[in-house]
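Letter by letter, the sequence shown follows residues 72 to 219 of the working numbering.
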Amino acid sequence: MVLTERESEILGILFGDGCLSRTERSVLITITGNKVDDEKYLLGHIRSLFLKVFDLELTSRYRHDENTMDLYRHSKKIASVLHSWGMPFGLKKLEDLRPKTEVIPGAFIRGVFDTDGSVYRKYGPYAQIQFKAASRTFMNFIENTWEP
72 MVLTERESEI LGILFGDGCL SRTERSVLIT ITGNKVDDEK YLLGHIRSLF
122 LKVFDLELTS RYRHDENTMD LYRHSKKIAS VLHSWGMPFG LKKLEDLRPK
172 TEVIPGAFIR GVFDTDGSVY RKYGPYAQIQ FKAASRTFMN FIENTWEP
């Protein structure tokens, strides 16, 4: 099975700033970002993607005394689908963090980069593109998937 472009982007977003947390009777799907820098992206783009793909309306929450906001929703059914695609429950296990199904590379990397990537100037007029991740497995996957 190959994920669609939207599904691939959602999985990339979750690998970057998402989490699936088991609760007593359900699973909490959460995507976290900066409430100043990421608010428009979270509320406009990510919320819209989840609505189009899963018909799931994500709720927003602003954390007091932090510059953080979350989009979240409880859904055991959707979390099960996301898990089957490779998104782990709980902490992301660094030794095996990669999609478990085929993704559309550009869309997946767009989702990851939108959450964990940056563009900056380091030396004069030349822009640097940077992406960091703690998982070597995940970085290898990105490197092998990348199609410039």
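Each residue gets a CB set at the ideal place from its N, CA and C atoms; glycine is no exception. Please read these numbers as outputs of a predicted model, since none were measured by experiment.
{"query": "Restricting to Cα atoms, I'd like to know which of Ile84, Leu113, Tyr133, Lys164 is closest to Gly188.", "result": "Ile84"}
{"query": "Return the bridge partner residues of Met140 from the DSSP annotation.", "result": "Gly104, Tyr133"}
{"query": "For Val98, does the three-state DSSP call read helix, strand or coil?", "result": "strand"}
{"query": "Do the segment 162-177 and the segment 76-83 make contact, defined as three or more Cβ pairs closer than 8 Å?", "result": "yes"}
{"query": "By alpha-carbon positions, which one of Ile102, Asp108, Lys106 ends up nearest to Phe121?", "result": "Ile102"}
{"query": "Kindly indicate which three-state DSSP category Leu91 falls into: helix, strand or coil?", "result": "strand"}
{"query": "Measure the Cβ-Cβ separation of Val152 and Thr75 and say whether it is below 9 Å.", "result": "no"}
{"query": "Report the residue from Arg93, Val73, Met72, Met140 whose alpha carbon sits nearest the alpha carbon of Lys148.", "result": "Arg93"}
{"query": "At a cut of 8 Å, does the segment 98-112 reach the segment 134-141 through at least three beta carbon pairs?", "result": "yes"}
{"query": "At what residues does the beta strand (DSSP E) containing Arg192 begin and finish?", "result": "188-194"}
{"query": "Quick one, which of Ala178, Phe179, Gly157 has its alpha-carbon nearest Arg169's?", "result": "Gly157"}
{"query": "Could you tell me if Leu165 is buried or exposed, where buried requires 16 or more neighbouring beta carbons within 10 angstroms of its beta carbon?", "result": "exposed"}
{"query": "For Ala198, which of helix, strand or coil comes out of DSSP?", "result": "strand"}
{"query": "Across which residues does DSSP place Phe86 in a beta bridge pair?", "result": "None; Phe86 has no bridge partner."}
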